[in-house]
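Here the structure is laid out as structure tokens; the discussion comes afterwards.
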Amino acid sequence: MRRNSSRITGFESRGMESGRIKSLDGLRGIFAVCVLSGHFFLVERRPDPTYFQNLALAVQFFFILSGVALCHGMSRHIVSGQFSLRAFARQRLARLYPMHLLSMGIAGIFLPPIFFGAIPTSGNLLKEALANFLLLQAMGPIEGRSWNVVSWSISTEFWVGLIVLPLAMKRLRGPLALALAVACYALIFMVNHTVSLPFERTAPGVTLAALSTGAGLLAGVGTFQLLAAARGCPGRWAPVIEPVLLGLILVIIWRGARGYQEAIALACMPVLIYLNASSATWLTRVLGSRTFTWLGQISFSVYLVHMSVHGALRMAGLDGALPMAATYLIYLISSLGLASILFRYVEAPLYAKLRGPVLIPRDSRVPVAQ
């Protein structure tokens, strides 16, 4: 990113070039807890079975934020040729694959109590196990949910990201990347009417999961490009707009209808990230606090193991034996505690060991992509 005058963008004034914007970690942490909570209430179907019907929107937020993070961390090196496609693939595999394998094994033990006593598959356990090992479980060849059901997003983020991100970083300006993202989402809503059914087909051989992942990553690239080109900080209304956008997105995830309300939430997400990354409001200070940044750091582990924790509670007989509020509290504390341990002793060390040569700043202020 060039700075050809003394004017400083809000993006740069918060140190995006050399450090980490902790408030974006905080946002990631909020949506990770949203996913954790949503799956609990969807499985329990209490107190209302209609709660969190739009939970897949939280995963769309992860895709958009990952697009911003990866574009910030690698775009200049990829465009200049310093970072090859092979090196990019190695970093992404190191980031996603070890925890995917670990969580897949854990899910094989603890998920059956949630899914009627069996590992969730479409009927061919061996075939789906192979698909999971190859990260193909949501890319089209295999129908239905498989093993650790939330790992569909790991599958699409790796393969779709490998195809879309280098091309987008090299060829697309912000408005065009956002326009392509809108076109992908529009196609999904025209065909599927929702983004909440990832294993449905949007076109022959194209899953909704794959297309929505591409749309989210493109939206992230476009958001980053606009941040890099912006001059000055957002206006005085940012302290009001940010919490309104965040609240609206969370309410739609919790209680919203599918269809046009999902589209509203998706439209709000890049704007929220843009304002959060380029302003210093009361909300960004709260999200940048130690608690929220910790949630952001462990969010990937939270995402991959929380359903297995729920299954373990059912195996222990706690599910139904206690009031739902007490069960949820035990589930929340157990999930966050296990995720903290996995992040410290497994996720972070393995990524540091396996990712290969590092051209990006280690203290990159955008949170590490999911």
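So in full-length UniProt numbering, spot 229 of the sequence shown is number 229, and the numbers just go up one at a time. Glycine included, every Cβ here is placed at the ideal spot set by N, Cα and C.
Helix, strand or coil for residue 203? Go by DSSP, reduced to three states. Counting from 1 along the sequence shown, the entry for residue 203 is found at position 203. Strand at residue 203.
Of the choices 30, 204, 234, 46, whose alpha-carbon is the least far from that of residue 279? In the sequence shown, the residue the question calls residue 279 occupies position 279. Residue nearest to residue 279 within the set 30, 204, 234, 46 is 234 (criterion: CA-CA distance).
Starting from residue 429 and walking both ways along the alpha helix (DSSP H), at which residues does that stretch end? For the chain, the structure presents residues 1 to 370; residue 429 sits outside this window and is missing.
Can you grab the Cα-Cα spacing for the pair residue 88 / residue 209, in whole Å? Looking up residue 88 in the sequence shown gives position 88. Looking up residue 209 in the sequence shown gives position 209. In a straight line, the C-alpha of residue 88 is about 22 angstroms away from that of residue 209.
Quick check: the Cα distance between residue 163 and residue 157, rounded to an integer number of angstroms? In the sequence shown, the residue the question calls residue 163 occupies position 163. In the sequence shown, the residue the question calls residue 157 occupies position 157. If I take the Cα positions, the gap works out to 10 angstroms.
Under a three-way DSSP split, which group does residue 233 fall into? In the sequence shown, the residue the question calls residue 233 occupies position 233. In this structure, residue 233 counts as coil in the three-state DSSP scheme.
Between residue 227 and residue 274, which are expected to be in contact by the criterion C-beta below 8 angstroms, what is the C-beta distance as a whole number of angstroms? Counting from 1 along the sequence shown, the entry for residue 227 is found at position 227. Counting from 1 along the sequence shown, the entry for residue 274 is found at position 274. 6 angstroms between Cβ atoms; contact.
Going by Cα to Cα distance, which pick from 51, 203, 32, 171 is closest to residue 439? Outside the modelled stretch of the chain, which goes from 1 to 370, sits residue 439, for which no answer is possible.
Where residue 260 falls, given that 16 or more other Cβ within 10 Å makes a residue buried: Position 260 of the sequence shown, counted from the first residue, corresponds to residue 260. Exposed, by the Cβ-count rule.
Who are the near neighbours of residue 350 in its chain, counting only those whose CB is closer than 6 angstroms to its CB and skipping five residues on each side? Locating residue 350 in the sequence shown gives position 350, counting from the first residue. Around residue 350: 98.
Note down the Cα distance separating residue 43 from residue 318, rounded to an integer number of angstroms. The residue you call residue 43 lines up with position 43 of the sequence shown. The residue you call residue 318 lines up with position 318 of the sequence shown. Between residue 43 and residue 318, the C-alpha separation is close to 14 angstroms.
State buried or exposed for residue 252, treating a residue as buried only when at least 16 other CB atoms are found within 10 Å of its CB. Counting from 1 along the sequence shown, the entry for residue 252 is found at position 252. Flag for residue 252 reads buried.
Can you give me the Cβ contacts of residue 192 inside the same chain, cut-off strictly under 7 angstroms, excluding the 5 residues immediately before and after it? One-based indexing of the sequence shown puts residue 192 at position 192. Excluding positions up to five away in sequence, the list reads 200, 202, 208.
Contacts around residue 194, its chain only, beta-carbon distance under 7 angstroms, and the 5 residues preceding and following it disregarded: Working through the sequence shown from its first residue, we reach residue 194 at position 194. Cβ within range, chain order: 258, 259, 262.
What do you get for residue 131, buried or exposed, if any count of 16 or more other CB atoms within 10 angstroms of its CB means buried? For this step, residue 131 is matched to residue 131 along the sequence shown. It is buried - the Cβ of residue 131 has at least 16 other Cβ atoms within 10 Å.
Can you say whether residue 48 is buried or exposed, counting buried as having 16 or more other CB atoms within 10 angstroms of its CB? For the purposes of this step, residue 48 is taken as residue 48 along the sequence shown, with counting starting at 1. When all chains shown are included, residue 48 counts as exposed.
Given this structure, state the Cα-to-Cα distance separating residue 347 from residue 304, to the nearest angstrom. Here residue 347 refers to the residue found at position 347 of the sequence shown. Here residue 304 refers to the residue found at position 304 of the sequence shown. Whole-angstrom Cα-Cα distance: 11 angstroms.
Pair every Cβ in the stretch 62-75 with every Cβ in the stretch 321-330, then say whether three or more of these pairs are closer than 8 angstroms. Touching, no.
Status (buried if at least 16 other CB within 10 Å, exposed otherwise) for residue 117: As a working note, residue 117 is residue 117 in the sequence shown. Counting Cβ neighbours within 10 Å, residue 117 comes out exposed, since fewer than 16 surround it.
Assign residue 357 to one of two classes, buried (16 or more other C-beta atoms within 10 Å of its C-beta) or exposed (fewer than that). Counting from one through the sequence shown, the residue named residue 357 turns up at place 357. The residue in question, residue 357, is exposed, as its Cβ has fewer than 16 Cβ neighbours within 10 Å.
Ends of the alpha helix (DSSP H) at residue 42? As a working mapping, residue 42 is identified with position 42 in the sequence shown. Counting along the chain, residue 42 sits inside the alpha helix (DSSP H) bounded by residues 22-44.
Just the C-alpha distance for residue 18 and residue 254, rounded to the nearest angstrom, thanks. Along the sequence shown, one-based indexing puts residue 18 at 18. Along the sequence shown, one-based indexing puts residue 254 at 254. Only weak support is given to the placement of residue 18: the predicted model assigns it a pLDDT of 38, under 50, and the value that follows is read from those uncertain coordinates. Going by the C-alpha atoms only, they are around 36 angstroms apart.
Select from 307, 290, 312, 355 the residue whose C-alpha is nearest the C-alpha of residue 35. Here residue 35 corresponds to residue number 35 of the sequence shown, with the count starting at 1. Checking every option, the nearest Cα to that of residue 35 belongs to 307.
Roughly how many angstroms separate the alpha carbons of residue 328 and residue 41, rounded to a whole number? Looking up residue 328 in the sequence shown gives position 328. Looking up residue 41 in the sequence shown gives position 41. Roughly 9 angstroms separates the two Cα atoms.
Kindly give me the distance between the Cβ atoms of residue 174 and residue 222, rounded to whole angstroms, as I take these residues to be in contact under 8 angstroms. Working through the sequence shown from its first residue, we reach residue 174 at position 174. Working through the sequence shown from its first residue, we reach residue 222 at position 222. 5 angstroms between Cβ atoms; contact.
Quick check: what's the CA-CA separation for residue 160 versus residue 344? Counted from its first residue, the sequence shown places residue 160 at position 160. Counted from its first residue, the sequence shown places residue 344 at position 344. The C-alpha of residue 160 lies about 28 angstroms from the C-alpha of residue 344.
Please report the residue range of the alpha helix (DSSP H) in which residue 74 lies. What you label residue 74 is simply residue 74 of the sequence shown in a count that begins at 1. Residue 74 -> alpha helix (DSSP H) spans 56-80.
In three-state terms, what does DSSP make of residue 298? Taking the sequence shown and counting its residues from 1, the one referred to as residue 298 is at position 298. Coil.
Please report how far the alpha carbon of residue 218 lies from the alpha carbon of residue 270, in whole angstroms. The sequence position of residue 218 within the sequence shown is 218, counting from 1. The sequence position of residue 270 within the sequence shown is 270, counting from 1. So the alpha carbons of these two residues sit roughly 11 angstroms apart.
Sub-8 angstroms separation of residue 389 and residue 296 beta-carbons: The shown model of the chain, from 1 to 370, leaves out residue 389, and the question about it has no answer.
Out of curiosity, what's the CA-to-CA distance linking residue 292 and residue 76? In the sequence shown, the residue the question calls residue 292 occupies position 292. In the sequence shown, the residue the question calls residue 76 occupies position 76. Their backbone Cα atoms lie some 29 angstroms apart in a straight line.
With distances taken between CB atoms, is the gap from residue 272 to residue 301 smaller than 8 angstroms? In the sequence shown, residue 272 corresponds to position 272, counting from 1. In the sequence shown, residue 301 corresponds to position 301, counting from 1. No, they are not a contact pair.
Once the 5 residues before and after residue 340 are set aside, which same chain residues still bring their CB inside 6 angstroms of it? Working through the sequence shown from its first residue, we reach residue 340 at position 340. Here the set comprises 298.
From 110, 50, 91, 241, pick the residue whose C-alpha is nearest to that of residue 315; which is it? Residue 315 sits at position 315 when you count from the first residue of the sequence shown. Here the closest residue by C-alpha is 110.
When the Cα atoms are used, what is the spatial distance from residue 312 to residue 113? In the sequence shown, counting from the first residue as 1, residue 312 sits at position 312. In the sequence shown, counting from the first residue as 1, residue 113 sits at position 113. Distance between the alpha carbons of residue 312 and residue 113: 8 angstroms.
Pick helix, strand or coil for residue 352, following the three-state DSSP scheme. Here the question's residue 352 lines up with position 352 in the sequence shown. In this structure, residue 352 counts as helix in the three-state DSSP scheme.
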